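Residue numbers (numbering that gives the first Met the number 0): 0 to 1001. Worksheet for the structure shown next.
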Amino acid sequence: MLTVAVLGVVEARSNGDRLSVPAGKTTELLVRLALEAGSSVRVDALLEDLWPHGTGRNTLQSKVSQLRRALGSKDFVAAENDTYRLAVDPSGVDALYVTHLAATASAARRAGDATTALERAKEALALFRGEMGIDDGDWAAPHRARLEEVRLGLLEDVMAARVDLGAGGELVAELETLVTQHPLRERLWGSLMTALYRGGRQSDALAAYARVRKLLVDELGVEPAPALRTLERELLLQSAVVGGDPAPNPVAVPSNLPRSRTALVGRVRECASLRDLVAAHRFVNVVGPAGVGKTRLMLETASHTQPPGGVWLVRLEAVDGSADLEQVVAETLHVAGRMQLRERLLGAQTLLLLDNCEHLVTNASALVAQFLWDLPGLSICATSQVPLGLDDELVFHLEPLSQPDSVQLFWARARQMRRQLVVDIDSTALVEEVCQSLDGLPLAIELAAARVRSLSIEDIARRLDDRFALLQDPSGNRPERRRALAGAIGWSYDLLFPDDQRGLWALSCFAGSACLGAVEHVLGALDVPKDAVVDTLTRLVDRSLVTVDGSDDGRVRYRLLDSIRAYASERLADSQLTETVHRAHAVWYAQRADWCAENIRSANQPTCLTIARTERANVHSALSWSRTNDPDLGVRIALGFGWTWVVLGDGPAAAARVRSTLSSTTPPLHTVSAHLVASWLEASAGNVALAQQDLDTAASIAGQLTTAEFKADVARHRAFVFLQQGLAHEALACSVASLATYRDLDLQWETAASLILAAYGELMIGDTAAAARDGAEAARILTQLGDSWGLVHAKAMLGGIAQVERRFEDAIDALGGAAKESAALGFVGQAGLHLGSLARVQQRAGHTADATATFAQAITAATASGDGRMVAAAKLNLARLMRSTGNGPAAVPYLRENLDWYAGAGGGDGALLSRCVLAAETDDETSLEVVLKLARSEKHDLVAVLALDGLARLQAEAGDPANATVLLAEADALYPAVAHLLDDADRPDRAAVLATTGKPHA
């Protein structure tokens, strides 16, 4: 391949070997043809340019022959139709290639890609070895001028790109020299002004603008260009953009994204591309090798995305193949189950981030496919080492960092470790070697850079090279991530003290993160002294092998990166201590479970809830290990956390966890306890059929036992299930039966629980005096015990009694307190329940404005908790309030939404009432007649009263007051049975009839 260099001493090379070209006109001919490489040049033009005073064609032919001999082939200088052409690719001529590079750099900067602009501009400038290597000849002057303009433009691009990448005061001296040499180049002045500003010299930056403005006016009689004037205004306003920092974003959306402690380096283009793809496609999968930075890129991209429903990160690294991924997503969004999750995700545009899918490809692809089909407002971005294989999947392949970006990342992280780091030619060359050895993988580069605290860069380069040679497996089929990254982690691992290596072993068994106490316990099983654990963790954190996650309460948790966890697990297996570590892990969580079982009904309840929420993944992991290795330990964990899961509202998912621990060898007492807590969990979510099955199993075993307490426990749980079924008398009988046993055994909490259940049963049958008595006693006991959750229920029940007795202000105080305490405890769903009851009481008390606002709060809280039935109930009561205040048309959308929800949920108590209110508001007589028939058959007196009211109004408006009177009389006859639930204001249709006929009815 022929190349020609003219920017400096003229050189011609063939396949890299320098050719000897005669000086003088032969070299000048080569340059003249090279500047139009690939194109034909007329003989007349060559004669005029090279011999301006005239010469014959024979002279030109002689020089062409000399040039052909020098180049080694006559084909390099082709003669065609009285022209000559140098057969060289334009990219092989430096003067032409720099023009191409300059255009590429300029385009990249205009597109916002400062990194590429800087790379291309630097590459082009390196080709300028001097002026074009021809000393005379007027023909060369325009070419020299054009190339000088290209060179100056490249200088401007280099400086502008460095400024775009955040450079500041360090560029001032270089830029001052350049503006002195080229005082009319405005882009250089713009870079200087920005650099001065970022260096804290705002007045000097403004003075620089004054200098260039005066110069332009004096020399050229023109004002600075608009770009420079705009920059001056930004300097005066102290713009954050000029200062190198992004402008603050005031918009907040729901999110669980972790805060980034360090800036993302070298991914500007990838971030922009991924952001555009996520905006345009519903499912984007970021695919690449381990350690390439998939998660970091996804989080950085997501942090600039603001869908109304929020951005939610679901970490899957701790989830095994047996897990229900939809339940994992539900738990991340703090909702109880599938139905609530789908309601949440249907509510607003949401971005879901699924991190680390490669070990769950089948399950993850099924989940994504189902979500995309069922949830039109949901977008998903995932990370994985392999595509999930879906038709709707847009795969974004994330490649390793480029060499310049790798070096930039190394220096950025290294300076965080050692501020006084020397950067010279030798160290830069060594860093380039290190980054090239690490294949541009950010994790490996950051691990290497972290060692500058204790090693020189030369030591890092030498040891890293040796370590890769030791750990390479060129004949293996493992991916490059395992072959290269394992070497980097192995090198770091070999530098650790034995206790630090055991620290990684211990942390590798935790799902997600671990608290200090848990790490101490597991390390104790590995013979690491307790007083050495903090130092061990500190060293691991310093070496960037362990990540520290902070919380709002100031506590910290320790977490391994995925690749380090995998490597540590392998070393743990090599040590033959895997069983020891996982048993210690499970025992620790069994001890936490024991503590929660003892304290969940006391003033320590908030701590129990925090443990259960924070340690959810670790508890699941401990249960999974115990199921195979120590079933009795798994039962101990499940029973210990059982009531905590009840308080958290974990429902069916927790019930399934409890049942999964049981086996044929589980002791009968534990089997009874497990089925009882599972029945409560199922019933609390409305799954009374499953709850009944658990109860029957528990009762059959308890019947064979002599322990009175267990039989009382069965009766108490039956009472709760009966209440969920609306069977008041049966619930009351079971509550009374259990209460007698608990009083005899002096079991205080159990006594209070039975009293609350009895009070609810008594309230349902209208015995408010007994309900008030039992509720007050339960509240006193629970206050002494410090059980906030139970006490909230007791207070809410007392509020219900006050409402039935029409002591509305007392009911408002009780229910308002219950709602506030529920919110303070973090029980969003329970708060929504009590807010809905509070709003209804406010309505009945005549506080219409307060009721409207509280209903809105109830809907918000119920929606946040994922409880669709509670949302529907609040919307129904709000719609009834709107009708009673003359704003009926506004109620119609709520009622239609309710009917759609009930249709999808299989109906419910509120379905018929919603249908009734909607039919009355829309004057749908046929629907009202159907509703009335159903209400009569189901003995639903409240719905019957309202349906009769609506039909009476329609008859009166149709001119049939006699029939209206008959219908209203029937409604009034049914009213006493529901007087505690209905007020005059709840019957707007009756009021309309009376306004027409003027006849009240008893």
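Using N, Cα and C, we set each Cβ at its ideal position, and we do this for glycine too. Given the structure is predicted, the values throughout are model-derived calculations rather than measurements.
Provide the residue span of the beta strand (DSSP E) that contains residue i, from first to last.
i: Ile379; result: 377 to 383
i: Tyr557; result: 555 to 559
i: Val521; result: That residue, Val521, is in no beta strand (DSSP E); its alpha helix (DSSP H) goes 515 to 524.
i: Phe370; result: Run containing Phe370: none in the beta strand (DSSP E); it sits in the alpha helix (DSSP H), 360 to 373.
i: Val40; result: 39 to 41
i: Ala602; result: From DSSP, Ala602 is part of no beta strand (DSSP E); its letter is neither H nor E.
i: Val76; result: 76 to 78
Quick one: what's got a C-beta closer than 7 Å to residue i's C-beta in the same chain, skipping five residues either side?
i: Ala682; result: Ala690, Phe719, Val720, Gln723
i: Arg935; result: Ala943
i: Ala1003; result: As shown, the chain starts at 0 and ends at 1001. That puts residue 1003 outside it, with no answer to give.
i: His792; result: Ile755
i: Leu256; result: Leu298, Ala301, Ser302, Val310, Leu312
i: Ala857; result: Gly831, Leu834, Gly835, Ala838, Ala873
i: Asn476; result: For Asn476, the pLDDT reaches just 40, beneath the cut-off of 50, and the residue's location in the model is therefore unreliable, although a value from the coordinates is still provided. For Asn476, where only same-chain residues beyond five positions count, there are no Cβ hits under 7 Å.
i: Cys434; result: Gln402, Ser405, Val406, Phe409, Ile444
Between which two residues does the alpha helix (DSSP H) carrying residue i extend?
i: Leu18; result: Unbroken run through Leu18 is the beta strand (DSSP E), 16 to 18; no alpha helix (DSSP H).
i: Asn962; result: 960 to 973
i: Glu204; result: Strictly speaking, residue 204 in this sequence is Ala, with Glu absent from that position. 201 to 219 is the extent of the alpha helix (DSSP H) around Ala204.
i: Trp50; result: Counting along the chain, Trp50 falls outside any alpha helix (DSSP H), and DSSP gives it neither H nor E.
Quick one: grab the DSSP three-state call for residue i.
i: Trp410; result: helix
i: Asp985; result: helix
i: Ser254; result: strand
i: Asn284; result: strand
i: Thr884; result: coil
i: Thr1005; result: Within the shown structure, residues of the chain are numbered from 0 to 1001, placing residue 1005 beyond reach of any answer.
i: Ser455; result: coil
i: His584; result: helix
i: Leu912; result: helix
i: Ser574; result: coil
i: Ser302; result: coil
i: Leu622; result: helix
i: Arg772; result: helix
i: Asp266; result: Reading off the sequence shown, one finds Arg at residue 266, where the question assumed Asp. Correct three-state label for Arg266: coil.
i: Leu85; result: strand
i: Pro478; result: Low local confidence applies: a pLDDT of 36 at Pro478 is under 50, so the model's placement there is unreliable, with the coordinate-based value given in what follows. Coil at Pro478, not helix or strand.
i: Thr261; result: coil
i: Ser349; result: Note that residue 349 corresponds to Thr in the displayed sequence, not to Ser. Looking at Thr349 - three-state DSSP - the assignment turns out to be strand.
i: Val527; result: coil
i: Val1003; result: This structure does not reach residue 1003, given that the chain is present from 0 up to 1001, and the question cannot be answered.
i: Ile764; result: coil
i: Pro141; result: helix
Have a look at the DSSP bridge pairing and note the partners of residue i.
i: Thr546; result: Arg558
i: Ala11; result: Val3, Leu18
i: Asp354; result: Arg314
i: Met131; result: Leu6, Gly7
i: Val394; result: Asn284
i: Arg512; result: Here the sequence assigns Ser to residue 512, which means Arg is not the residue at that position. DSSP, once it has assigned bridges, lists Arg558 as partnering Ser512.
i: Ala224; result: For Ala224, which the question treats as bridged, DSSP gives no partner whatsoever.
Are the CB atoms of residue i and residue j nearer to each other than 9 Å?
i: Ala850; j: Leu880; result: yes
i: His142; j: Met158; result: no
i: Leu345; j: Leu374; result: yes
i: Ser737; j: Glu729; result: no
i: Pro441; j: Arg295; result: yes
i: Leu784; j: Ser601; result: yes
i: Leu927; j: Gly909; result: no
i: Tyr83; j: Val149; result: no
Excluding five sequence neighbours on each side, which residues of the same chain lie with their C-beta closer than 8 Å to the C-beta of residue i?
i: Leu230; result: Gly189, Met192, Thr193, Tyr208, Val241
i: Gly71; result: Ser13, Leu18
i: Asp16; result: none
If I measure Cβ to Cβ from residue i and keep anything under 6 Å in the same chain, skipping five residues before and after, which residues do I get?
i: Leu117; result: Ala160
i: Ser426; result: Ile456
i: Leu947; result: Leu966, Glu969, Ala970
Within 8 Å: the Cβ of residue i and any heavy atom of the ligand NAP?
i: Val687; result: Of the ligands one can find in the structure shown there are none, so the ligand NAP has no counterpart to examine.
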